[in-house]
Amino acid sequence: MRVRFAPSPTGALHIGGARTALYNWLLARGSGGRFLLRIEDTDRERSTPENVEQIFDALRWLELDWDEEPIFQSARGERHAEVVQALLDQGLAYRSTAGQDEIKAWHEQHGNRGFRGEDEGEGAVRLRVGDEGAAVVRDVIRGESTFENALQDDLVIARADGTPLYHLAVVVDDHDMGITHVVRGADHYSNTAKQLLILAAMGEEPPLYAHVPLLHGPDGKKLSKRHGAASVQELRERGYLPEAVRNYVALLGWGNEESQEFFTTEELEREFSLERVSKSPAVFDEQKLRHINGRYLRELELDDLTRRLEDLTGREGLRGAAEISQEKISTLADFWPLAGFFFDGPLDDKAAREKILGTPEALDRLTKAREALAAVDEPWTDEALETALQRVLEDTGAKPRQVYQPIRVALAGGTVSPGIFETLRLLGRDEALSRIDAVLNRMSTAADTA
RNA sequence: GCCCCCAUGGUCUAGCGGUUAUGACGCCGCCCUUUCAAGGCGGAGAUCGCGGGUUCGAGCCCCGCUGGGGGUACCA
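Going by numbering that gives the first Met the number 0, the residue at position 153 of the first sequence is 152; the numbering climbs one at a time, nothing skipped.
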C-alpha cells in the first residue's frame, strides 16, 4: 500500500488536513506500506519555501514522519507537459480559447449538457468528454456514485502557457508515485469524476479513493480561521500536546465499537480502518480537545512536562512550579497564568485584594499567619507549613479558606494558585514573608488614607 | 441553476430489523477540599430531521421532502 498526503502550500496546516494526513499515515503504518508526502503546487504564487517549510514543521510536530524526499510538482513540468501532449496527439484533448463567458453562453443554449468546444489550435487545453457513459466514483467511505459524462464540461487540464492544472497534476503524480489509496478531503469528491476521466484518457486504472468528511465550525460552516484555532500551528501555540491533538483528531469522524476514546499510536495503527470513518461532517470541539489534552498532560513525566513548558514559554527553571501545577492545568498555556507569579512577582489584581483582604479581620488573620510562618524553623517543608498554619486555624477558630485565601492573594496577587503549602514552600521563606509584608503594608496604608 | 453527498441529545460517537437507543465532551447537583482544577458519585438532555411505505416488528431497508455541506474557474 502506498498513500500520500498532498496539501496545497498555504503555510498553515489545517486541522482537517492534519486529520487526513494522520489517516494516511495510520494506513501506511498499519499495513507496512509507505506514507509519501507531496506538495501540490500548481499554484506557483503560494508555493514559497517558507509556506512549504511551515507545513513540514507542523507535520513533524505531530510526529507524522514520511518516506522519501517529497516531490515538488514545479520540478516536474516536463512530465505533465508530456502527458498533455500525448492527449493532444491522440485527439483526446484540444486547444480552445473559450472561457467562462463562452461556457455560460453554451449552457444558455444547451441547458445542462456539458460544454463542448472546437479545436482552435491555441488557448487552454481541454479534455474531450463524450456525451456517452459516466464516471463512477468508488469510494471506500461513501460507496459508489455516478456522474454522467453528458453533464460534464470539457475540462481544462492545462493553461494556455502549458502549465498543468490541479486535476491533471494530481492524477499524473499519483500515478507516477504508484499511489494505491487516495485519502483526501471530501471537497474533492465531485471532482474525482473529472480525475477519473483524465485517468481513462491516459489509459490508466484509478487508485482506491476515500474522501473523509470536512470539519465544520460550531456554526455548521466549513472550519476556517475565523473559528479560532483552525490550524495545527495555532493549536501548538495554545499549548496543546501533539499526542493529544492526534488522539482527538483521529476520533473526529471515526470511532470503534467500544466507543473507546483514548488510543496509543499502536492501538490506532492496529484498529484504524477507513471503513469506519463517518460519512458526515464533524464539528471541531475545542473543549473536548482540552479535556483529552488535560488527561495526556497529567500523565507526562515531570522532566518531560518541564521541557515542554520551557519550550513554550522561553523561560527556564520551571521544574518546581511545573510539579505543583501539573494537576491543575489542561494545556501548556494554562501554566503561566497559574504559576507566572513565582517568577514575575504577584499579579496586580485589585478586585481580588479588595475582596479577600478588604476587611480588618482578614488582615488580622494574615498578620497571625505571617507570625506563624515566620516562626517556622528550617526545614521549610510542606508538612512544617501545614502544621504551622493548622495552629493558626485552631487559635483563631477561622475556616481554612479565611486564612489561606489572604495568604494566597498576598503571594500570587490573585485568587488562584497551586496548593498553598506547595506555593509557600516553592517561593521560599524570605520571598514568601516579604510578599506578605508588602501586602500588609500596602493594605494598612490604604486603610489609613481611607 | 445544475451535479454529488450527508442527516442518532448542544457537540463527537456506538448501533448494523426486535435495546429501558451506547459512551464521551459540555451543563447541573452532591462528595472530596486550602483557591482553582483534578478525581468520585448522581442528574437533566434524543418522539434517532420530516412524511410515506416494506415488515409481525424499523435509528437500521425503499421512496419523497426538508435542512446542511461540497462541486460546478486557463483555483487548489
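Just so it is clear, CB atoms sit at the ideal spot from N, CA and C, and this is done for glycine as well.
Top-ranked residue by Cα proximity to Ile406, from Ala431, Gly227, His226, Leu207
If you number the first sequence from 1, residue 406 lands on position 407. When only C-alpha atoms are compared, the closest one is Ala431.
For the pair the stretch 145-160 and the stretch 111-118, tell me if three or more CB-CB distances fall below 8 Å.
Result yes; three or more Cβ-Cβ pairs closer than 8 Å.
Could you tell me if Asn246 is buried or exposed, where buried requires 16 or more neighbouring beta carbons within 10 angstroms of its beta carbon?
Within the first sequence, numbered from 1, the residue matching residue 246 stands at position 247. Burial check for Asn246: the Cβ neighbour count within 10 Å reaches 16 or more, so the residue is buried.
Paired residues, beta bridge with Ser230 - DSSP
Here residue 230 corresponds to residue number 231 of the first sequence, with the count starting at 1. DSSP output for Ser230 lists His13 as bridge partner(s).
Pick helix, strand or coil for Trp253, following the three-state DSSP scheme.
Reading the first sequence from its first residue, position 254 is the one you call residue 253. In the structure shown, Trp253 adopts extended strand secondary structure according to DSSP, grouped into three states.
Pairwise C-alpha distance: Ala209 and Asp189
If you number the first sequence from 1, residue 189 lands on position 190. If you number the first sequence from 1, residue 209 lands on position 210. One point to set straight first is that residue 189 is Ser, not Asp, in the sequence displayed. Whole-angstrom Cα-Cα distance: 12 Å.
Compare the beta carbon distance of Leu304 and Ala281 with 9 Å and say whether it is the shorter of the two.
By one-based count along the first sequence, residue 304 stands at place 305. By one-based count along the first sequence, residue 281 stands at place 282. Cβ atoms of Leu304 and Ala281: not closer than 9 Å.
Would you mind stating whether Val182 and Leu86 have Cβ atoms separated by less than 9 Å?
Numbered from its first residue, the first sequence carries residue 182 at position 183. Numbered from its first residue, the first sequence carries residue 86 at position 87. Contact: no.
Thr191: buried (16+ other C-beta within 10 angstroms of its C-beta) or exposed?
Taking the first sequence and counting its residues from 1, the one referred to as residue 191 is at position 192. Classification of Thr191: buried, given that the 10 Å Cβ count is 16 or more.
Please list, in chain order, all residues of the same chain as Arg235 whose beta carbon is under 7 Å from its beta carbon, the five residues on each side excluded.
Looking up residue 235 in the first sequence gives position 236. Once the five neighbours on either side are set aside, the close Cβ partners of Arg235 are Trp60.
Going by DSSP, name the residue or residues bridged to Gly184.
In the first sequence, the residue the question calls residue 184 occupies position 185. Beta-bridge partners of Gly184 (DSSP): Val211.
Assess, as a yes-or-no matter, whether the stretch 295-304 is touched by the stretch 324-340 under the definition of 3 or more beta carbon pairs within less than 8 Å.
With the cut-off at 8 Å, the stretch 324-340 and the stretch 295-304 touch.
N- and C-terminal bounds of the alpha helix (DSSP H) containing His319:
In the first sequence, the residue the question calls residue 319 occupies position 320. Per the sequence shown, the amino acid found at residue 319 is Gly instead of His. In the DSSP assignment, Gly319 falls within the unbroken alpha helix (DSSP H) covering 318-324.
With a CB to CB cut of under 7 Å and the five nearest residues on each side skipped, what residues in its chain are close to Gly16?
Along the first sequence, one-based indexing puts residue 16 at 17. Taken in chain order, the residues that qualify are Pro6.
Measure the CB-CB distance between Ala249 and Tyr22 and report whether it falls below 9 Å.
In the first sequence, residue 249 corresponds to position 250, counting from 1. In the first sequence, residue 22 corresponds to position 23, counting from 1. A contact, by the Cβ cut-off of 9 Å.
Local Cβ density within 10 Å of Lys193, reported as buried at 16 or more and exposed below that
For the purposes of this step, residue 193 is taken as residue 194 along the first sequence, with counting starting at 1. Result: buried.
If Val128 and Leu195 are in contact, beta carbons under 8 Å, what's the gap, nearest whole angstrom?
Translated into positions along the first sequence, residue 128 becomes position 129. Translated into positions along the first sequence, residue 195 becomes position 196. For Val128 against Leu195, the beta-carbon gap comes to about 11 Å, at or over 8 Å, which does not count as contact.
CB of Thr162 within 9 Å of CB of Gly252, strictly
Within the first sequence, the letter at position 163 stands for residue 162. Within the first sequence, the letter at position 253 stands for residue 252. No; because the gap between Cβ atoms is not below 9 Å, this pair is not in contact.
Distance between beta carbons of His180 and Val2, contact taken as under 8 Å:
Residue numbering aside, residue 2 sits at position 3 when the first sequence is read from its first letter. Residue numbering aside, residue 180 sits at position 181 when the first sequence is read from its first letter. Indeed, because the Cβ distance is near 5 Å, the residues count as touching under 8 Å.
Buried or exposed by the 16-neighbour rule on C-beta atoms within 10 Å, applied to Asn292
For the purposes of this step, residue 292 is taken as residue 293 along the first sequence, with counting starting at 1. Sixteen is the threshold: when 16 or more other Cβ atoms of the shown chains lie within 10 Å of the Cβ of Asn292, as they do, the residue is buried.
Where Thr444 sits in the DSSP three-state scheme:
Within the first sequence, residue 444 is the residue found at index 445, counting from 1. In the structure shown, Thr444 sits in a helix (DSSP, three-state: H, G or I).
Whose CA, out of Asp64, Ala200, Lys103, Arg318, lies closest to the CA of Leu425?
For this step, residue 425 is matched to residue 426 along the first sequence. Comparing Cα-Cα distances from Leu425 to each of Asp64, Ala200, Lys103, Arg318, the minimum goes to Arg318.
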